[in-house]
Amino acid sequence: MEKTWNNKAWFMVLPVLVLVAFSAVIPLMTVVNYSVQDTFGGNQFFWAGAEWFEEMLHSDRFWAAMGRNLIFSAIILAIQIPLGIFIALNMPRKGWGVPVCLVLMALPLLIPWNVVGTIWQVFGRIDIGLLGYTLHALGFDYNYVNDPFDAWVTVIIMDVWHWTSLVVLLCYAGLVSIPDAFYQAAKIDGASRWAVFRYIQLPKMQRVLLIAVLLRFMDSFMIYTEPFVVTGGGPGNSTTFLSIDLVKMAVGQFDLGPAAAMSIIYFLIVLLLSWVFYTVMTNYDVEK
Amino acid sequence: MARIDLNHIRHAYGANPKSDKDYALREVHHSFEDGGAYALLGPSGCGKTTLLNIISGLLHASHGQLLFDGKDVTRLSTQERNIAQVFQFPVIYDTMTVYDNLAFPLRNRGVPEADVDRKVRETLDMIDLASWARRKARGLTADQKQKISLGRGLVRSDVNAILFDEPLTVIDPHMKWVLRSQLKQLHRRFGYTMIYVTHDQTEALTFADKVVVMYDGEIVQIGTPAELFERPKHTFVGYFIGSPGMNVMPVAVEGKRAKLGEQVIDLPGAPKAEGNGIELGIRPEYVRLGAKGMPVTIRKVEDIGRHKVVRASLEGREIAAILGEDDHVPADPHVTFDPAGINLYDKSWRVEMGA
Ligand SMILES: Nc1ncnc2c1ncn2[C@@H]1O[C@H](COP(=O)(O)OP(=O)(O)O)[C@@H](O)[C@H]1O
Ligand SMILES: [Mg+2]
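Quick note, the sequences are listed as chains B and G, same order.
Position in the first sequence counted from 1, then plus 30, gives you my numbering.
Position in the second sequence counted from 1, then plus 1015, gives you my numbering.
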């Protein structure tokens, strides 16, 4: 058969290229552009070189926010991954319970970020919120507006409530793909509940867990809307994460240069940590 | 090792079985002798796996009682019954090495590590994977994986019985033969009670001392390979065992004679059953082709090496006969039935013939 060789097919991917260019590449380039220049308003820019990057990397404010982000992501992963696995393991595999559980799990995921924030902002208020009021009435000194610890707890519980189901659904998908024969063989071999988890279920969930960890890490590391709505970054700076700080700097103070430099550092860190997670989790078995 | 008694076992997967149709096992009442090598033979879907799972405790029968050496184990778990079972498709623990896979059933039962090592090495040699011991099980081929599954069944020496559920399906023909001989050897050496499920008659007949034939949720016959061949208790056994299967044709019986259309066949005795639904069964090996007897028209002759299979038409029905490699089909073909090979069936079940 004779084949016609030409490059017309490339036109097919053109729309996507244009879309990606406008939605990602061009904005990113603009940010790179800002990060190496200075401006005093108007439309005048001066070359600043690596100045902003140096400033950022020496700024306490930046590292404090970074520290908060890392702690936040670590707590989120430490809670959501085991909790997600635990719930997935206990979900029914057949019968009417399956659709019910799936819908319940999917619900939080369907709610827009800012609505989740608003729900919890109200829920936790000590004057009118069900949670805040009840805790107060029970004698707990809970107040996310004044107490940094309470603010953190609120934001973390909110994120756990919002996103654990993602981990659950991913793990569940991994679990239902395990053929019955594996469980039967495990019974014949006298495997304990733990051994079944360790040698059958966990290996089968490994791929989806990798995705879950990556998604939850990236997403929690970039958290913005929910704490912004609930705490606005406070009390003080206690819940001011990188993204919140970034917006304050860029939009609030109009420091485009430092904000752009910060964006790029932020982006590179997300990329680097994601790569580390990916490498560690995919190589885990190969090395042994 | 133990003797296994199945007392009127019935099993339905659905919640409210009403008729016999709802039962995957209609009624199984049978004993597997201690140390016997049994093959469980039957077509796909006849309930073989269901029966094995009931013996191993993966399933609990809806009715009936199960005894190991006379002790009631009906309510016991798989763990407590101490049975080894090998499944049709390989089940391996991906993240473990080949060695650890085999050690797994022993370690789970708290066997001392020295014994584990000895048993695992022995088993590795048996399944010819000794050089792979330290490798991760993940990258192995399907038949290597199945050998590991098999190995995990054989590594425990104190089991009540070893059940094999079509274990060689994914293994190539030569290796199949090797493994089957090893299983047989193992049986002779250690006297395990073994039940080997298959839908392949050659496999069943070469492996077992006793073959249990199942059909549609029931055991239709238990016997030595020779008994199954010579005296099929049910027409199904006749069809299923032998290649080609038994010829079965409806006849009318009068005393010591059977009428097939225009033809009259002399029977070795007078059957105890009369009336409708009587069939005569004769294996192709007992159909003699010659110049005398009942006239047939030849449809096809298949030369399959050791002998020829002649497909002919007798009174409008298909009939198969076996002809020696050097024999020739006569010009005006007739057939006679060797009385030694004649069986009579009443509603599919064999009836005895009196003198
Ligand atoms: N888990 C199950 N649920 C419902 N029906 C089943 C199940 N397993 C098997 N069956 C039915 O029970 C019958 C016997 O199946 P099985 O024991 O697997 O047969 P075999 O192993 O001889 O091929 C079949 O009709 C099959 O459809
Ligand atoms: Mg089966």
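For every residue, glycine included, the Cβ atom is placed at its ideal position computed from N, Cα and C.
If you look at serine 1071 (chain G), you'll find it in the alpha helix (DSSP H) that goes 1063-1071. Using a Cβ-Cβ cut-off of 7 Å, tyrosine 1207 (chain G) does not count as an interface residue toward chain B, since no Cβ of chain B sits closer than that to its own. Among the residues facing chain B, phenylalanine 1119 (chain G) is included, as its CB has a counterpart in that chain under 7 Å away.
Any Cβ of chain G closer than 7 Å to the Cβ of phenylalanine 212 (chain B) would place that residue at the interface, and such an atom is present. Look at valine 175 (chain B) here: in three-state DSSP terms it is coil, with no helix or strand label. In the DSSP annotation of this structure, the continuous segment of the alpha helix (DSSP H) that includes asparagine 120 (chain B) starts and ends at 90-120. Listed along the chain, the chain B residues whose CB falls inside 9 Å of the CB of threonine 1093 (chain G) are Gln214, Lys217, Ile218, Gly220. When C-alpha distances from asparagine 1291 (chain G) are compared across G:Ile1334, G:Pro1310, G:Ser1363, the shortest belongs to G:Ser1363. Contact between the segment 183-196 of chain B and the segment 136-144 of chain B is present, with at least three C-beta pairs closer than 8 Å. Cβ atoms of leucine 1117 (chain G) and valine 1135 (chain G) come within 8 Å of each other, at about 5 Å. Residue range 143-153 is occupied by the alpha helix (DSSP H) that includes asparagine 144 (chain B).
Relative to ligand 2, even the nearest heavy atom lies 6 Å or more away from the CB of lysine 1199 (chain G). By the Cβ-count criterion, methionine 42 (chain B) is exposed, with fewer than 16 other Cβ atoms from all chains shown falling within 10 Å of its own Cβ. As the crow flies, the alpha-carbon of leucine 301 (chain B) is around 10 Å from that of phenylalanine 307 (chain B).
Annotation: proline 233 (chain B) is outside any beta strand (DSSP E); the continuous alpha helix (DSSP H) that includes it extends over 232-251. With 16 or more other Cβ atoms inside 10 Å of its own Cβ, glutamate 1181 (chain G) counts as buried.
Taking the Cβ of tyrosine 213 (chain B) as the reference point, every heavy atom of ligand 1 lies at 6 Å or farther away. Set against 6 Å, the gap from the CB of glycine 97 (chain B) to the closest heavy atom of ligand 1 is not smaller. The beta-carbon of tyrosine 64 (chain B) is placed no less than 7 Å from the nearest beta-carbon of chain G. For histidine 1075 (chain G), same chain residues with a beta-carbon under 8 Å away, outside a window of 5 residues either side, are Ile1069, Thr1089, Arg1090 in chain order.
Beta-bridge analysis with DSSP links tyrosine 229 (chain B) to no other residue. One thing to note: alanine 289 (chain B) has its Cβ no nearer than 7 Å to the Cβ of leucine 298 (chain B). For the options G:Leu1055, G:Gly1276, G:Ser1059, G:His1322, the alpha carbon positioned closest to that of leucine 1067 (chain G) is the one of G:Leu1055.
Remark: C-beta atoms of phenylalanine 271 (chain B) and asparagine 99 (chain B) approach each other more closely than 7 Å.
Beyond the five residues adjoining it in sequence on each side, serine 250 (chain B) comes within less than 7 Å, by CB distance, of Phe102, Ser103, Ile106, Asp189 in the same chain, given in chain order. Proline 142 (chain B) sits exposed, since fewer than 16 C-beta atoms from the chains shown fall within 10 Å of its C-beta.
Counting along the chain, the unbroken alpha helix (DSSP H) around serine 1196 (chain G) starts and ends at 1188-1205. Contact with chain B is found for leucine 1073 (chain G), since one of that chain's Cβ atoms lies less than 7 Å from the residue's Cβ.
If you keep only unbroken beta strand (DSSP E) runs of at least 3 residues inside the segment 1124-1191 of chain G, you get 1177-1180. Secondary structure at arginine 1365 (chain G): strand, using DSSP grouped into helix, strand and coil. Rounded to the nearest whole angstrom, the CA to CA distance from threonine 69 (chain B) to isoleucine 117 (chain B) is 52 Å. Fewer than three pairs of CB atoms, one per stretch, sit closer than 8 Å, so the segment 1189-1204 of chain G makes no contact with the segment 1040-1047 of chain G.
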